[in-house]
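**Student:** Quick note, the sequence shown lines up with residues -19 to -1, 1 to 672 if you use mature numbering (1 follows the signal peptide of the UniProt record, and there is no 0).
I have a structure I would like to understand better, so I am pasting it below and will then ask my questions one at a time.
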Amino acid sequence: MLHRLLPALPFLLVLPAAAQDELPELVVQARQAEAARQGILARFGAREVVVDRETIEALPGGANQPLNQVLLQTPGVAQDSFGDIHIRGEHRNLQYRLNGVALPEGLQGFGQVFDARGLRSASVLTGALPAQFGFRTNAVIALETRSGALDPGGSVGVYGGSFGTIQPHASWAGFLGGWDVFATGTWLQSDRGVENPTRGRTVANNETEQLRGLVYAARQIDATTRLSLIGGTALNRFGIPAPGAVQNAFNPFGREDFSSQGLRSRQWERSWYGVAALQKAVTADIDIQVAPFIRYSSLHYLPDAVNELAFNGVASDVVRQSFAAGLQTDASWRVAERHTLRAGVQFTGERSRYSARTAVFALDGNGEAGTDPFLLQDRQGRTGWQYGVYVQDEWRLTDRLTLNLGVRADRIEQYTTNGQVSPRANLVWRATDATTLHAGYARTFTPVQQELIAGGTLARFVGTTNEPFSLENGTPRPERAHRFDAGISHRVTPAWTIGVDAYYKSVQDLLDFGQFGGALIFTPINYRQGRIYGTEFSTSYRLDNLLLYGNLAISRSTGRDIRSAQFNIEPEELAYISRKYIRTDHDQLLTGSAGAVWRAWEGGRLSASLLYGSGLRKGFASTESVTPYVTANLGVQQDLVLPDGGTWTARLDVLNIADRAYLLRDGSGVGVGAPQYGARRGVFAGLSRNF
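Right, here's the structure in full:
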């Protein structure tokens, strides 16, 4: 019912007449507040790539694409199955910030939590991040929401096409009683929820329904104080694609007539989040932001019990839940002309729950399975805490040379009690007006996601069809690393910029994730040692009516000696990995992206985008790679003024124009589940009205 109301949402919001008189002052206040917030939450020394709203909407698929597809157009971001992305050769370790506030890392499934339609910009920060960034430090995805002051107006429309896709959407931005307000909602229905395990265009039981919404409201309390509120949700349902013709290996209840195409497993994903940020200019030189936050997320895998028993010998109904809340406080103090001090504290409390009802068969003395399954149940809960504090000094040594020195201290009390003091240093040299060089070092501390850790119940499964390879199950460890980063950016002409960035990471207890079992939920594993390094090349050319960009990344991610969750790995593979470095399953040597947007005529835009991957890993101990691939997309948009006096936008997008069937995963490798193929050719069209 809710999705039927979304297109009418803008018409339910009425703009008071008095707001028109307040508009200029409110816009000025919003811009001043944003500038102050950016000063508090500086990105000094990090490599930042920004995709603005105009570019998001102009590329093929536009804001109708999931956020991960937008991020794939930035340097060093590799595509994986289930909507996953890998930045700089790592699995996850991503921090999402909404208007500068770090959200707790919720349970991640296939669905996207954040809707690109609600963003003013999406930035990817990488490198030796300054001290204000802790815990998840491989990359920071900094999302800036739209607002009534800076992005007034709204739209209502629908988008759809291939694979039974239909996606109505609505958004509105303006002022309500002195509040700066933005609201957006999207509902999606498609016959292609996750990647197809076969080469075909479609597969049974791959339907999805997804609902995403976000509301932003801000108000100037007095001349120096501003309050911002953000709330959002993502509710997703997925069918788990049925594989092709597979012969059943077990006979539950004596039955033998099973078809693998009849599997009807499902997964539900739910997420709610909220942020309240109070921003205050204490004096002309001191700014502070205090932001409490909250997030709830859950995953529920519902098996097709009898069919899964027939093909896998095990069927698990799994529920994972996470409720997290905390507080982030950041402040900046312009001590002197050449010194700006920044400091902050952050703490998060989390309650995670895990429950599973697993049906299995007993094995007899010859290892043969019976025909009558029985049920094993498990229920666990854990409360954990994370604390972080930092201080840093941005020191302008000369007019062209700036040094940022910082230190942060982190502590966790979760599955283990641990902590670390981490120094950070970044140097930025503006060698000429057109050339900037940077170099940095960061010591980092990355805990395992608490909600993904389940306690040991391994012995209960001995003598069943879910018997583990061993009972070895080392305690997950927080990852500790030394990061080094250096790069150069050069503006060849006012329109053309090129850049090169190199990085190296030496790791103790390298964190990785694998999908083990039928439920599409990831399990963390540690490699005792890891090395990740690479180089990224980027270029962009922007004129008034033309944008061109290209990125190429060379990356290597290796690990040695798995020392947690070992029971998931076959003994021969585990022994091999203990002796030598192997490529992690998400390692991809070459990753490329490119795109163009051309305002070819009045109100018209042509766009194209391209992705290249040399292939993720496969085979015994991930010693091989899948076949390289290239996909290209095209889009065209046209703005129209129709007799109703409104501006309408029509768009047509063709994704994977060559209709190439390409593998993302082949089902082998360390921690890799079923095969997954990339999306085949899709033709989509949309029509929206702006107001």
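Glycine included, C-beta positions come from ideal geometry on N, C-alpha and C.
With a CB to CB cut of under 6 Å and the five nearest residues on each side skipped, what residues in its chain are close to Arg323?
**Tutor:** Ser313, Gln373, listed in sequence order.
**Student:** Cα separation between Ala262 and Leu131?
**Tutor:** 21 Å
**Student:** Can you grab the Cα-Cα spacing for the pair Arg461 / Pro428, in whole Å?
**Tutor:** 9 Å
**Student:** Determine the direct distance from the alpha carbon of Ala340 to that of Leu106, and round the result to whole angstroms.
**Tutor:** 44 Å
**Student:** CB-CB under 8 Å to Val388, same chain, minus the five flanking residues each way: which ones, in chain order?
**Tutor:** Ala112, Tyr371, Val372, Gln373, Val402, Ser403, Pro404, Arg405
**Student:** Which parts of the segment 28 to 96 are runs of the alpha helix (DSSP H), unbroken and 4 residues or longer, counting only runs that do not cross its ends?
**Tutor:** 34 to 39, 48 to 52
**Student:** Does DSSP classify Glu3 as helix, strand or coil?
**Tutor:** Bear in mind that the predicted position of Glu3 carries a pLDDT of just 49, short of 50, making it unreliable; the figure below should be weighed with that in mind. It is helical.
**Student:** What alpha helix (DSSP H) runs, 4 residues minimum, are completely inside the segment 144 to 232?
**Tutor:** List check, alpha helix (DSSP H) in window: nothing returned.
**Student:** Just how far apart, CA to CA, sit Ser278 and Thr474?
**Tutor:** 47 Å
**Student:** Return the Cβ separation of Gly659 and Tyr610 in integer angstroms, given the expectation that the two are a contact with Cβ distance under 8 Å.
**Tutor:** 7 Å
**Student:** With burial defined as no fewer than 16 other Cβ atoms inside 10 Å of the residue's Cβ, what is the status of Tyr485: buried or exposed?
**Tutor:** exposed
**Student:** From the DSSP output, which residues share a beta bridge with Ala306?
**Tutor:** Ile275, Gly330
**Student:** Around the C-beta of Trp582, are 16 or more other C-beta atoms found within 10 angstroms, so that it is buried, or is it exposed?
**Tutor:** exposed
**Student:** Taking DSSP's pairing of strands, which residues face His471 in a bridge?
**Tutor:** Thr416, Ile479
**Student:** If you draw a straight line from the alpha carbon of Gly330 to that of Tyr396, how long is it in whole angstroms?
**Tutor:** Cα to Cα, Gly330 sits roughly 13 Å from Tyr396.
**Student:** Between Arg182 and Tyr643, what straight-line distance do the alpha-carbon atoms span, to the nearest angstrom?
**Tutor:** Their Cα atoms are separated by approximately 11 Å.
**Student:** Taking only the alpha-carbon atoms, compute the straight-line gap between Thr516 and Ile535 and give it to the nearest angstrom.
**Tutor:** 5 Å
**Student:** Ignoring anything shorter than 3 residues, give me the beta strand (DSSP E) runs that lie fully in the segment 607 to 632, in order along the chain.
**Tutor:** You should have 610 to 622.
**Student:** Is Gln13 buried or exposed, if buried means 16 or more other CB atoms sit within 10 Å of its CB?
**Tutor:** exposed
**Student:** Taking 7 Å as the limit between beta carbons, can you name the residues of its chain near Ser143, skipping five residues before and five after?
**Tutor:** Gly663, Val664, Phe665
**Student:** State the DSSP-derived secondary structure class of Gly115, mapped to helix, strand or coil.
**Tutor:** coil
**Student:** Restricting to runs no shorter than 3 residues, where is the beta strand (DSSP E) found entirely within the segment 341 to 411?
**Tutor:** 355 to 377, 382 to 394, 398 to 410
**Student:** Reducing DSSP to helix, strand and coil, say where Gly235 ends up.
**Tutor:** Here Gly235 sits in helix by DSSP.
**Student:** Could you tell me which uninterrupted alpha helix (DSSP H) segments, each at least 4 residues in length, are contained entirely in the segment 512 to 557, listed from first to last along the chain?
**Tutor:** Note on the segment 512 to 557: there is no whole alpha helix (DSSP H) run with a minimum of 4 residues.
**Student:** Taking only three categories from DSSP, how would you classify Gln430?
**Tutor:** coil
**Student:** Assign Arg236 to one of two classes, buried (16 or more other C-beta atoms within 10 Å of its C-beta) or exposed (fewer than that).
**Tutor:** exposed
**Student:** Hey, quick one: how far does the alpha helix (DSSP H) through Val287 stretch, first residue to last?
**Tutor:** 286 to 293
**Student:** For a test of the three-state rule: what should DSSP assign to Glu318, helix, strand or coil?
**Tutor:** coil
**Student:** Nearest-angstrom Cα distance between residue 680 and His72?
**Tutor:** This structure leaves residue 680 out entirely; the chain is present only between -19 and 672.
**Student:** Can you have a look at Asn187 and say buried or exposed, based on whether 16 or more other CB atoms are within 10 angstroms of its CB?
**Tutor:** buried
**Student:** My assumption, with CB atoms under 8 Å, is that Glu176 sits in contact with Ser246. Please give the rounded CB distance.
**Tutor:** The pair is not a contact, with the Cβ atoms about 15 Å apart (cut-off 8 Å).
**Student:** Consult DSSP for Ser669 and reduce its assignment to one of helix, strand or coil.
**Tutor:** Ser669: strand per DSSP, three-state reduction.
**Student:** On the DSSP bridge assignment, give the partners of Lys599 in chain order.
**Tutor:** Glu605
**Student:** Hey, would you say the C-beta of Trp253 is under 7 Å away from at least one heavy atom of the ligand FMN?
**Tutor:** The ligand FMN is absent from the structure shown, which contains no ligand whatsoever.
**Student:** Going along the chain, which residues of its own chain have a beta-carbon closer than 8 Å to the beta-carbon of Glu551, five neighbours each way excluded?
**Tutor:** Phe450
**Student:** Are Ala215 and Gln367 touching if we call contact CB-CB under 8 Å?
**Tutor:** no
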